[in-house]
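Enquirer:
In this note's numbering, the protein residues as written are 3 to 184.
Below, the structure is given as structure tokens:
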């Protein structure tokens with residue numbers, strides 16, 4: 003933290019973004035590590051945002067931060083997750099995004115599979131998909147080396163793009179953005 007304090011002091015006139023994560027910590031240990039870091043940062047930065055995709059981190063971090071970066075690209079997911087805010091904060095949605103068709107569609111599918119690994123969201127919306135057992139490092143390597151995506155991801159293509167991406171032809175892309183902005 004001393005290094006962080008020095009960077010803030012030496013570059014006070016510079017705006018920068020800092021991303022934090024729980025690393026290998028999971029469950030409450032990971033949550034508490036992130037929240038402790040946010041509390042520390044609160045006293046050192048002008049604007050503090052937290053990326054969230056599940057109810058508990060959304061609820062707890064919204065007590066501390068100025069804004070939440072929601073890792074959701076579907077309007078009904080956003081309506082659901084914003085119910086967990088403890089106070090009004092700046093709300094930003096982001097998700098895997100791409101105008102289709104594109105040579106990067108396989109990358110989009112992998113990104114969608116990654117963001118779909120959210121137990122509380124899967125339970126809430128009764129989605130019957132679970133990619134959490136996939137070795138995503140292997141998936142990415144195979145995509146780069148062999149230009150392939152696992153069939154278990156490919157077979158859910160339309161579902162993944164619809165629920166976890168801001169994607170489609172130009173008109174569909176713009177339409178989804180407009181829905182999210184509501």
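Even for Gly, the Cβ is constructed at its ideal location relative to N, Cα and C.
Predicted model, so just to flag it, every value in this text is computed and none were measured.
Going along the chain, which residues of its own chain have a beta-carbon closer than 7 Å to the beta-carbon of residue 126, five neighbours each way excluded?
Expert: Counting from 1 along the chain shown, the entry for residue 126 is found at position 124. Within the same chain, residue 126 has close Cβ partners 82.
Enquirer: Report all residues from its chain with a CB closer than 7 Å to the CB of residue 60; omit the five preceding and five following residues, and keep chain order.
Expert: Along the chain shown, read from residue 1 onward, the residue named residue 60 stands at position 58. Taken in chain order, the residues that qualify are 54, 70, 83, 86 and 87.
Enquirer: With a CB to CB cut of under 8 Å and the five nearest residues on each side skipped, what residues in its chain are close to residue 67?
Expert: Here residue 67 corresponds to residue number 65 of the chain shown, with the count starting at 1. 40, 44, 50, 51, 52 and 91.
Enquirer: Can you list, in chain order, the residues of its chain with a C-beta nearer than 8 Å to that of residue 111? Leave out the 5 residues immediately preceding and following it.
Expert: Position 109 of the chain shown, counting from 1, holds the residue named residue 111. For residue 111, where only same-chain residues beyond five positions count, the Cβ hits under 8 Å are 151, 155, 156, 159, 162 and 163.
Enquirer: To the nearest whole angstrom, what separates the beta carbons of residue 182 and residue 57, a pair I think is in contact under 8 Å?
Expert: Residue 182 sits at position 180 when you count from the first residue of the chain shown. Residue 57 sits at position 55 when you count from the first residue of the chain shown. Not quite, the Cβ-Cβ distance comes to about 19 Å (not below 8 Å), so this is no contact.
Enquirer: Which residue or residues does DSSP assign as beta-bridge partners of residue 99?
Expert: Locating residue 99 in the chain shown gives position 97, counting from the first residue. In DSSP, residue 99 forms a bridge with 168.
Enquirer: How far does the beta strand (DSSP E) with residue 71 in it reach, from first residue to last?
Expert: Translated into the one-based positions of the chain shown, residue 71 becomes position 69. Taken as a continuous stretch (DSSP letters only), the beta strand (DSSP E) holding residue 71 covers 69-72.
Enquirer: Thinking C-beta only, is residue 109 closer than 8 Å to residue 145?
Expert: Position 143 of the chain shown, counted from the first residue, corresponds to residue 145. Position 107 of the chain shown, counted from the first residue, corresponds to residue 109. Yes; because the gap between Cβ atoms is below 8 Å, this pair is in contact.
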